[in-house]
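Residue numbers (my numbering), protein chains in the order written: chain W, 3 to 334; chain R, 3 to 334; chain L, 3 to 334.
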């Protein structure tokens with residue numbers, strides 16, 4: 003493991019090993035595996051959990067970290083090859099990444115989707131380019147098309163809360179005031195597929211996930227990913243409802259038109275009655291931040307089904323496991 | 003002591019113990035009482051002293067810290083129960099605080115007054131809510147209605163500079179281009195009351211502090227808090243002039259009208275002649291930042307009366323004492 | 003050495019000693035020379051390399067650091083003596099600097115030129131004032147008129163890549179969409195002069211460096227600094243082309259007029275054919291960030307002449323040497 007870009011790059015035994023290490027670190031949080039090491043954290047977009055959990059985790063492993071935010075405390079970055087840089091961006095990633103690699107042992111990167119071109123965002127070109135440019139291990143702290151640290155934390159949360167490996171996992175669309183990318187839906191879906199779960203995508207017509215996302219998850223499991231437009235049908239016997247919003251693929255990059263498609267879908271807000279056909283102990287999951295009473299009602303978030311804080315807590319443990327493995331691999 | 007929200011929550015012997023520990027840490031700044039510990043610092047508002055002194059202090063105690071700034075490097079936060087979050091705020095404190103508590107051992111919080119509703123701000127509801135939501139100790143890094151770290155640093159400064167415990171303490175209003183909250187006036191006034199001082203509030207008519215602030219301080223001492231509109235009278239025999247600006251309570255939440263009340267009060271700028279009836283060695287205090295030649299003349303700030311840098315320096319020592327006690331209490 | 007404000011304040015043997023220590027730290031990056039020490043980093047302007055390399059370097063030396071950005075996470079600062087502060091700035095450096103000195107052992111400061119008054123910027127008054135106000139050592143992290151950490155890193159890069167001490171150094175102007183200050187040109191020119199190099203400034207007519215910059219460099223060497231407006235002539239036999247943009251001195255503080263002077267100079271973009279009369283192994287240097295295909299073509303930056311990443315990497319090593327010396331001197 004040179005870098006940690008996607009959970010699906012890892013073999014099942016590697017994932018099991020990361021989960022085991024995360025559980026161990028949850029019990030014994032302190033070590034010195036990062037003693038003398040520096041982790042650079044490059045945020046192109048805002049963060050609460052990721053910034054805090056990476057800085058805390060690095061410190062608990064005996065290392066130190068720095069945070070850069072291009073466009074805020076740092077220069078705006080250019081990503082295009084051959085660009086004539088007479089606009090806003092003052093620095094190209096071709097310099098920024100090799101330079102940062104001079105100052106750190108691991109580089110975490112957050113680079114959200116641009117939301118203009120569907121296929122460009124789905125191939126995750128910026129994260130890929132950064133990884134190629136970096137002589138140091140790179141950790142994906144959420145890219146255009148994936149959020150593998152979240153996926154691994156979610157996997158651990160499913161294990162922690164006794165959700166069976168072959169249980170039923172429902173990924174549901176929910177209404178949101180903005181068109182959102184596919185990073186978390188793809189991360190969650192592929193994680194559930196790799197975990198061996200029975201996976202259903204629940205969404206309004208027209209909001210099916212892009213083919214590339216569906217086929218990736220399908221390729222990772224031995225059963226088909228189902229699609230349903232009906233809550234009761236999708237939720238029948240479900241062990242987990244994983245809630246997220248995403249853009250309607252046909253109107254990707256066309257926010258005005260997409261907003262019209264979403265206009266009458268504010269009833270896609272998860273409430274307790276969504277669980278009436280589910281397993282009684284079914285869990286509610288969400289990667290956070292979540293807009294209360296927009297994507298999900300207070301009654302669910304404040305009730306016993308919600309494991310959202312546990313998911314966030316597990317971010318710390320799994321990321322520490324990932325950092326430990328990367329540093330070990332780099333020094334091997 | 004689970005949290006450090008208000009100085010007045012602490013018994014006299016607890017305050018003495020914090021002051022003694024602060025003095026010890028001033029002489030011997032380094033320890034490992036926070037070894038392996040992480041302190042989260044959540045800033046809803048700007049800071050110079052607080053951010054720097056907390057990060058420095060945590061490091062000197064062997065720990066580490068992270069900084070989050072909702073609305074800047076992090077998501078905008080919602081505080082209202084039951085809010086339908088379809089506006090700017092992407093995350094509710096009901097998630098944000100329990101999640102941050104997963105990543106840190108102590109949580110420092112800065113949340114200034116909204117300045118819209120006087121009684122809402124004076125009950126300090128946001129800080130209270132955050133403390134209830136946090137399973138970890140919370141430190142008030144200035145809230146709507148209090149600034150206890152400043153108050154404790156000011157107490158130590160009074161001790162350091164030989165101001166008698168029963169000396170005369172004058173809290174004076176000064177002109178400022180903006181309507182400011184009651185956090186520091188209340189912190190300073192209640193601190194002086196608890197310290198046993200003879201307390202006078204000096205202000206133009208109409209700028210008397212809100213009743214709730216006055217009665218709190220009055221309840222903490224055995225003599226009345228006096229109010230004066232006359233500099234020479236208020237300053238007679240004073241050992242300390244503590245300068246601050248605050249909103250006229252009757253026009254709280256009405257900045258246009260309030261600005262008119264202040265329009266002719268630019269002469270409320272502390273100068274050397276304000277001290278003509280004071281003790282010769284009387285000190286000038288201010289919590290900083292201070293607008294020079296607006297709230298106080300250069301001649302005072304640059305002269306021997308000013309102890310403003312010492313107050314700021316004491317922030318470091320007292321905060322380290324507070325953090326040490328909180329971590330000790332949490333692990334007891 | 004109390005502070006590190008300008009490379010030219012240091013005797014040749016001090017510079018050699020810093021370079022030797024930097025080379026040692028490049029081989030053995032970890033030490034505990036900053037154990038228990040705090041380095042405050044005050045950024046009035048954006049940064050990528052400087053913020054990351056200082057935070058990484060401090061950590062590798064066993065210390066810790068904090069970052070303040072007035073106007074962003076911190077209060078806007080006033081610099082003028084006697085200012086009546088009723089505008090945007092909430093805090094004067096007369097308070098801010100002594101206060102920060104209470105919280106740190108070394109203070110790094112970045113304060114770019116205001117770009118309004120040429121002689122004001124060239125005397126570097128803000129950095130000078132901050133140094134006078136600080137009882138702690140100050141490190142210049144780029145001021146109005148100098149960037150000594152960059153200069154020292156460049157010197158090491160010249161040594162590392164075998165450029166002879168008496169080789170030919172060409173500092174060339176390049177087109178840039180904005181009028182830029184003289185900090186880096188003066189740092190590079192004076193560094194090359196102190197290193198004993200044969201120095202030429204290459205620029206379009208009207209873009210000669212200010213007399214004060216030229217005479218400073220001239221005073222540091224025993225040969226004249228040449229000026230040329232012709233690429234082939236200037237580059238003849240050159241070992242190094244150091245590329246930078248700067249304002250035409252006659253239109254300093256007059257950006258509209260200055261833009262007209264630059265309008266037809268977009269061909270001042272370094273390409274491979276600029277090296278046709280140079281030494282075959284001639285290096286391309288730039289302090290970064292650099293606008294690709296505006297100041298220099300991809301073919302140069304991506305080719306074997308470019309040592310820009312090495313220059314940036316050396317920032318880490320030389321700054322660690324500087325910090326080590328300052329802390330040693332302060333405790334001596």
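For each residue, glycine too, the CB sits at the ideal point set by N, CA and C.
Quantities reported herein were computed from a predicted structural model and do not represent experimental measurements.
Next on the checklist: For a cutoff of 8 angstroms on Cβ pairs, would you count residue 179 of chain W as touching chain R?
Outcome noted: Working through the first chain from its first residue, we reach residue 179 of chain W at position 177. At least one chain R Cβ lies under 8 angstroms of residue 179 of chain W.
**Asked** Residues in its own chain within less than 8 angstroms of residue 331 of chain L by CB, not counting five upstream and five downstream?
**Response** Stepping through the third chain from its first residue, residue 331 of chain L is reached at position 329. Within the same chain, residue 331 of chain L has close Cβ partners 3, 4 and 139.
Going straight from the alpha carbon of residue 173 of chain R to that of residue 307 of chain R, what length do you get?
Indexing the second chain from 1 puts residue 173 of chain R at position 171. Indexing the second chain from 1 puts residue 307 of chain R at position 305. So the alpha carbons of these two residues sit roughly 15 angstroms apart.
**Study point:** Residue span of the beta strand (DSSP E) that contains residue 175 of chain W, given as start and end
**Key:** As a position in the first chain, residue 175 of chain W is number 173, starting the count at 1. Note, residue 175 of chain W: beta strand (DSSP E), 170 to 175.
Starting from the N-terminal side, write out each stretch of the alpha helix (DSSP H) that is 4 residues or longer and does not extend beyond the segment 80 to 159 of chain L. 95 to 105, 120 to 124 and 127 to 135
In DSSP terms, what residue 279 of chain L is bridged to: What you label residue 279 of chain L is simply residue 277 of the third chain in a count that begins at 1. Looking at the DSSP assignment, residue 279 of chain L forms no beta bridge with any residue, so it has no partner.
So, using beta-carbon positions, are residue 191 of chain L and residue 201 of chain L closer together than 8 angstroms?
Here the question's residue 191 of chain L lines up with position 189 in the third chain. Here the question's residue 201 of chain L lines up with position 199 in the third chain. Yes.
**OP:** Mind reading off the beta-carbon distance from residue 135 of chain R to residue 96 of chain R? Whole number of angstroms is fine, and I expect it under 8 angstroms.
**Re:** For this step, residue 135 of chain R is matched to residue 133 along the second chain. For this step, residue 96 of chain R is matched to residue 94 along the second chain. Indeed they touch by this definition, with Cβ atoms about 6 angstroms apart.
- Query: Looking at C-beta atoms only, is the number of pairs between the segment 79 to 96 of chain R and the segment 5 to 17 of chain L that lie closer than 8 angstroms three or more?
  - Reply: no
Item to complete: Compute the Euclidean distance between the alpha carbons of residue 206 of chain W and residue 255 of chain W, then round it to the nearest angstrom.
Response: Taking the first residue of the first chain as position 1, residue 206 of chain W is located at position 204. Taking the first residue of the first chain as position 1, residue 255 of chain W is located at position 253. About 19 angstroms.
- Query: Whole-angstrom Cβ separation of residue 85 of chain R and residue 269 of chain W, contact assumed at under 8 angstroms?
  - Reply: Numbered from its first residue, the second chain carries residue 85 of chain R at position 83. Numbered from its first residue, the first chain carries residue 269 of chain W at position 267. The pair is not a contact, with the Cβ atoms about 19 angstroms apart (cut-off 8 angstroms).
* To do: Say whether chain L places a C-beta atom closer than 8 angstroms to the C-beta of residue 74 of chain R.
  => As a position in the second chain, residue 74 of chain R is number 72, starting the count at 1. Yes - at least one Cβ of chain L is within 8 angstroms of the one on residue 74 of chain R.
Discussion item. Contact between the segment 99 to 106 of chain R and the segment 36 to 47 of chain R is defined here as three or more beta-carbon pairs at a separation below 8 angstroms; is this criterion met?
Written reply: yes
Q) Does the beta carbon of residue 155 of chain R sit closer than 8 angstroms to a beta carbon anywhere in chain L? A) For the purposes of this step, residue 155 of chain R is taken as the residue at position 153 of the second chain. It does not; no Cβ of chain L falls within 8 angstroms.
Could you tell me whether the Cβ of residue 88 of chain R comes closer than 8 angstroms to any Cβ of chain W?
-> Residue numbering aside, residue 88 of chain R sits at position 86 when the second chain is read from its first letter. Closer than 8 angstroms to some Cβ of chain W, the Cβ of residue 88 of chain R qualifies, so yes.
Closest to residue 198 of chain R by C-alpha separation, out of R/22, R/165 and R/186, would be which residue?
Within the second chain, the letter at position 196 stands for residue 198 of chain R. For residue 198 of chain R, the nearest C-alpha among the options comes from R/165.
Please check the pair residue 108 of chain L and residue 328 of chain L, which I expect to be a contact at CB under 8 angstroms, by giving their CB distance rounded to whole angstroms. Indexing the third chain from 1 puts residue 108 of chain L at position 106. Indexing the third chain from 1 puts residue 328 of chain L at position 326. About 6 angstroms separates the two Cβ atoms, so the contact holds.
I believe residue 276 of chain R touches residue 183 of chain R by the beta-carbon criterion, under 8 angstroms. Please report the beta-carbon distance rounded to the nearest angstrom. As a first step, residue 276 of chain R is located in the second chain; it is residue number 274 there, counting from the start. As a first step, residue 183 of chain R is located in the second chain; it is residue number 181 there, counting from the start. Contact flag wrong, Cβ pair sits at about 24 angstroms.
Reference residue 333 of chain W, options W/14, W/20 and W/38, closest by Cα:
Counting from one through the first chain, the residue named residue 333 of chain W turns up at place 331. Of the candidates W/14, W/20 and W/38, the one whose C-alpha sits nearest the C-alpha of residue 333 of chain W is W/38.
*Return the residues of the segment 277 to 297 of chain R that lie within a Cβ-Cβ distance of less than 8 angstroms from chain L, sorted by chain order.*
290, 291, 292, 293, 294, 295 and 296
Quiz item: What are the residues of the segment 96 to 113 of chain W that lie near chain L, defined by any Cβ-Cβ distance shorter than 8 angstroms?
Solution: 96, 97, 98, 100, 101, 102, 104, 105 and 106
Q: Compare the Cα-Cα distances from residue 120 of chain W to each of W/288, W/262, W/292 and W/257 and report the closest residue.
A: Here residue 120 of chain W is taken as the residue at index 118 of the first chain, counted from 1. Looking at the Cα atoms, W/257 is the closest of the given residues.
inquiry  = Quick check: is the beta carbon of residue 38 of chain R nearer than 8 angstroms to any beta carbon in chain W?
reply    = As a working mapping, residue 38 of chain R is identified with position 36 in the second chain. Closer than 8 angstroms: yes.
Practice prompt. Determine the DSSP secondary structure at residue 246 of chain L, reduced to helix, strand or coil.
Written response: By 1-based counting over the third chain, the position of residue 246 of chain L is 244. The answer is strand: DSSP assigns residue 246 of chain L an E or B state.
Task: Neighbourhood of residue 293 of chain W by C-beta distance below 7 angstroms, restricted to the same chain and skipping five residues each side - done: For the purposes of this step, residue 293 of chain W is taken as the residue at position 291 of the first chain. Same-chain partners within the cutoff: 178.
Spatial neighbours of residue 237 of chain L in its chain, beta-carbon cut-off 8 angstroms, leaving aside the 5 residues before and after | Stepping through the third chain from its first residue, residue 237 of chain L is reached at position 235. The residues are 172, 204, 243, 276, 277, 278, 279, 280 and 284.
### Query
What are the partner residues of residue 285 of chain L, as DSSP defines its beta bridges?
Numbered from its first residue, the third chain carries residue 285 of chain L at position 283. Residue 285 of chain L pairs with L/242.
key: Beta-carbon spacing of residue 326 of chain R, residue 302 of chain R below 8 angstroms   = Locating residue 326 of chain R in the second chain gives position 324, counting from the first residue. Locating residue 302 of chain R in the second chain gives position 300, counting from the first residue. In this structure, residue 302 of chain R does not lie closer than 8 angstroms to residue 326 of chain R by Cβ.
Distance cutoff 8 angstroms, beta carbons only. Does residue 92 of chain R sit that close to anything in chain W? Walking along the second chain from the start, residue 92 of chain R turns up at place 90. Yes, residue 92 of chain R counts as interfacial toward chain W.
Contacts of residue 185 of chain W in chain L (Cβ-Cβ under 8 angstroms): Numbered from its first residue, the first chain carries residue 185 of chain W at position 183. Per Cβ cutoff of 8 angstroms: no residues; residue 185 of chain W is ~25 angstroms from chain L at best.
- Near residue 126 of chain L, what residues of its chain come up, given a Cβ to Cβ distance below 6 angstroms and the 5 sequence neighbours on each side ignored? The count along the third chain starts at 1 and reaches residue 126 of chain L at position 124. Correct list, in chain order: 145, 146 and 147.
Taking only beta-carbon positions, decide if residue 68 of chain R is within less than 8 angstroms of chain W.
Along the second chain, one-based indexing puts residue 68 of chain R at 66. Closer than 8 angstroms: yes.
Margin query: So for residue 56 of chain R, helix, strand or coil by DSSP?
Written below: Translated into the one-based positions of the second chain, residue 56 of chain R becomes position 54. Looking at residue 56 of chain R - three-state DSSP - the assignment turns out to be helix.
- Alpha-carbon to alpha-carbon, residue 309 of chain R and residue 319 of chain R: Translated into positions along the second chain, residue 319 of chain R becomes position 317. Translated into positions along the second chain, residue 309 of chain R becomes position 307. Their Cα atoms are separated by approximately 16 angstroms.
Q: Tell me, please, whether the CB atom of residue 228 of chain L is closer than 8 angstroms to any CB atom in chain W?
A: In the third chain, residue 228 of chain L corresponds to position 226, counting from 1. Chain W contact via Cβ: absent.
* Asked: Since residue 165 of chain W is in the beta strand (DSSP E), which residue starts that stretch and which ends it?
  -> Within the first chain, the letter at position 163 stands for residue 165 of chain W. Unbroken run through residue 165 of chain W: none, as it is neither H nor E.
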